[in-house]
Amino acid sequence: MDERVREHAETLVDWSARIEAGDDVVVSVDEGAHDLAVAVARALGERGANVTTVYASEEVQRAYLRAHDGEFDEDPIHELSLYENADSVLSLGGGRNTAGMADVPGERTQRYGRARQGIREARLDTDWVSTVHPTRSLAQQAGMAYAEYEEFVYDATLRDWESLAEEMDQLKEILDDGEEVRIVNEGTDLTLFVDGRTAVNSAASVAYDSHNLPSGEVFTAPYDTAGVVTFDVPMTIRGRDVRDVKLTFKDGVVVDWEAAQGEDVIDEIIQTDGGSRQLGELGIGMNRGIDRPTGRILFDEKMAGTVHLALGRAYDANLPEGESGNDSAVHVDLITDMTGDSRLEVDGEVVQRNGVFRWEEGFEG
Numbered sequence: 001m002d003e004r005v006r007e008h009a010e011t012l013v014d015w016s017a018r019i020e021a022g023d024d025v026v027v028s029v030d031e032g033a034h035d036l037a038v039a040v041a042r043a044l045g046e047r048g049a050n051v052t053t054v055y056a057s058e059e060v061q062r063a064y065l066r067a068h069d070g071e072f073d074e075d076p077i078h079e080l081s082l083y084e085n086a087d088s089v090l091s092l093g094g095g096r097n098t099a100g101m102a103d104v105p106g107e108r109t110q111r112y113g114r115a116r117q118g119i120r121e122a123r124l125d126t127d128w129v130s131t132v133h134p135t136r137s138l139a140q141q142a143g144m145a146y147a148e149y150e151e152f153v154y155d156a157t158l159r160d161w162e163s164l165a166e167e168m169d170q171l172k173e174i175l176d177d178g179e180e181v182r183i184v185n186e187g188t189d190l191t192l193f194v195d196g197r198t199a200v201n202s203a204a205s206v207a208y209d210s211h212n213l214p215s216g217e218v219f220t221a222p223y224d225t226a227g228v229v230t231f232d233v234p235m236t237i238r239g240r241d242v243r244d245v246k247l248t249f250k251d252g253v254v255v256d257w258e259a260a261q262g263e264d265v266i267d268e269i270i271q272t273d274g275g276s277r278q279l280g281e282l283g284i285g286m287n288r289g290i291d292r293p294t295g296r297i298l299f300d301e302k303m304a305g306t307v308h309l310a311l312g313r314a315y316d317a318n319l320p321e322g323e324s325g326n327d328s329a330v331h332v333d334l335i336t337d338m339t340g341d342s343r344l345e346v347d348g349e350v351v352q353r354n355g356v357f358r359w360e361e362g363f364e365g
């Protein structure tokens with residue numbers, strides 16, 4: 001086995017999920033992630049955890065959803081119980097076909113998501129962590145040779161997370177103390193209101209309220225939004241290509257939208273429920289091991305020099321105790337590149353210009 005796979009597993013179990021003896025752990029294994037699953041299982045066994053493994057496959061999911069009549073039972077108890085009784089859920093992504101769900105009707109996917117909202121909440125109540133094992137399908141989606149993609153994944157994942165956490169804490173403090181965030185870019189002039197919210201230093205560990213490996217972003221939950229934003233980083237959403245999405249906000253709600261490609265996907269997302277017309281997240285990428293878009297949101301939203309906004313559900317970690325944030329059955333990220341002629345302001349002060357933070361070499365004040 002490639003030693004990097006073992007290191008990936010060790011990082012996931014120890015740094016990210018903080019697994020201890022006696023923890024009840026669900027490991028969800030996607031197609032193609034077998035080697036990582038073996039390494040994770042070994043690490044969990046060495047730590048004395050209790051492990052249940054489940055199989056994840058978009059092709060299996062497609063077969064089920066296309067065959068079903070669309071009247072789904074709400075939160076089936078056998079699945080709900082699994083996550084209600086788990087301490088941690090480790091999701092090992094991979095896959096054989098990145099467009100495996102492309103021909104599933106969007107309305108059926110929405111119904112399925114709404115029917116499993118309780119299951120999703122139960123999973124999110126655990127110390128969950130999602131990661132990705134490099135596969136040939138993901139390399140192809142990213143436009144890379146397989147060996148090149150392996151290098152990319154491990155450069156993004158096997159980092160000095162403690163040092164990055166210290167750097168990202170500077171941005172967290174700025175956002176925690178701020179009231180208004182303004183994003184100015186080509187086709188974008190957007191103001192987001194974040195006072196009273198808590199930013200998360202997403203350093204790839206549940207100890208930081210961070211649930212992705214790799215990570216490398218600071219995110220918060222705006223409660224109001226006004227202006228227009230253009231997302232120019234290509235993405236694959238629900239197995240379909242999406243390009244150049246433009247959203248217009250008024251009083252915190254999307255009032256107009258368009259896309260050069262994949263507008264039907266954006267339509268589906270925005271019309272899911274009342275919360276899908278509002279933002280649940282403002283995230284700022286800071287992982288310089290991720291230097292290009294890959295079509296995989298786990299990586300792309302962490303890319304240094306980008307900002308992403310998520311339509312739909314807000315994370316509880318960003319909210320004051322007792323306050324409910326934006327609620328939705330979806331949480332879909334869209335990304336804009338900030339490395340051109342752009343700036344990110346907090347309360348009128350420029351924090352980042354042209355993708356460079358004010359504490360980094362090369363920042364132009």
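Under my numbering, the first residue of the sequence shown is numbered 1, with each subsequent residue one higher. For every residue, glycine included, the Cβ atom is placed at its ideal position computed from N, Cα and C. Keep in mind the model is a prediction, meaning the values are calculated, not measured.
Proximity below 9 Å, CB of residue i to CB of residue j
| i | j | result |
| --- | --- | --- |
| residue 330 | residue 284 | no |
| residue 239 | residue 98 | yes |
| residue 86 | residue 24 | yes |
| residue 368 | residue 88 | As shown, the chain starts at 1 and ends at 365. That puts residue 368 outside it, with no answer to give. |
| residue 339 | residue 355 | yes |
| residue 223 | residue 194 | yes |
| residue 152 | residue 306 | no |
| residue 22 | residue 43 | no |
| residue 257 | residue 267 | yes |
| residue 142 | residue 296 | yes |
Proximal residues to residue i (C-beta, below 8 Å), its chain only, five neighbours per side dropped
| i | result |
| --- | --- |
| residue 4 | 150, 154, 158 |
| residue 244 | 230, 231, 232, 259, 260, 261 |
| residue 131 | 8, 12, 16, 36, 90, 91, 92, 93, 157, 212, 213, 214, 298 |
| residue 146 | 134, 136, 139 |
| residue 38 | 1 |
| residue 207 | 18 |
| residue 350 | 343, 344, 358, 365 |
Spatial neighbours of residue i in its chain, beta-carbon cut-off 6 Å, leaving aside the 5 residues before and after
| i | result |
| --- | --- |
| residue 314 | 221, 280, 325, 326 |
| residue 237 | 265 |
| residue 225 | 192, 249, 252, 279 |
| residue 200 | 209, 219, 317 |
| residue 54 | 28 |
Proximity winner among the options, relative to residue i (alpha-carbon distances)
| i | options | result |
| --- | --- | --- |
| residue 346 | 179, 13, 21 | 179 |
| residue 202 | 125, 10, 119, 318 | 318 |
| residue 205 | 118, 127, 290 | 127 |
| residue 117 | 365, 273, 282, 323 | 273 |
| residue 367 | 120, 54, 95, 96 | The displayed coordinates of the chain run from 1 to 365. Any statement about residue 367 would go beyond what the structure contains. |
| residue 162 | 287, 271, 291, 141 | 287 |
| residue 320 | 241, 341, 176 | 176 |
| residue 67 | 292, 112, 172, 289 | 112 |
Start and end residues, beta strand (DSSP E) containing residue i
| i | result |
| --- | --- |
| residue 308 | 306 to 312 |
| residue 55 | 50 to 56 |
Proximity test, residue i beta-carbon vs the ligand MN heavy atom, cut-off 8 Å
| i | result |
| --- | --- |
| residue 321 | The ligand content of the structure shown is nil, which means the ligand MN is not present either. |
Residues of its chain near residue i, where Cβ-Cβ distance is below 7 Å and the 5 sequence neighbours each way are ignored
| i | result |
| --- | --- |
| residue 275 | 312, 313, 326, 327, 328 |
| residue 122 | 80, 83, 84 |
| residue 359 | 170 |
Residue i - containing alpha helix (DSSP H), residue span
| i | result |
| --- | --- |
| residue 108 | 106 to 115 |
If we count Cβ pairs, one from each stretch, closer than 8 Å, do we get three or more for the region 187 to 196 versus the region 98 to 118?
The region 187 to 196 is not in contact with the region 98 to 118.
Given 8 Å, three or more beta-carbon pairs between the region 209 to 223 and the region 302 to 316:
yes
Any contact of the region 59 to 77 with the region 158 to 176, i.e. 3+ C-beta pairs under 8 Å?
no
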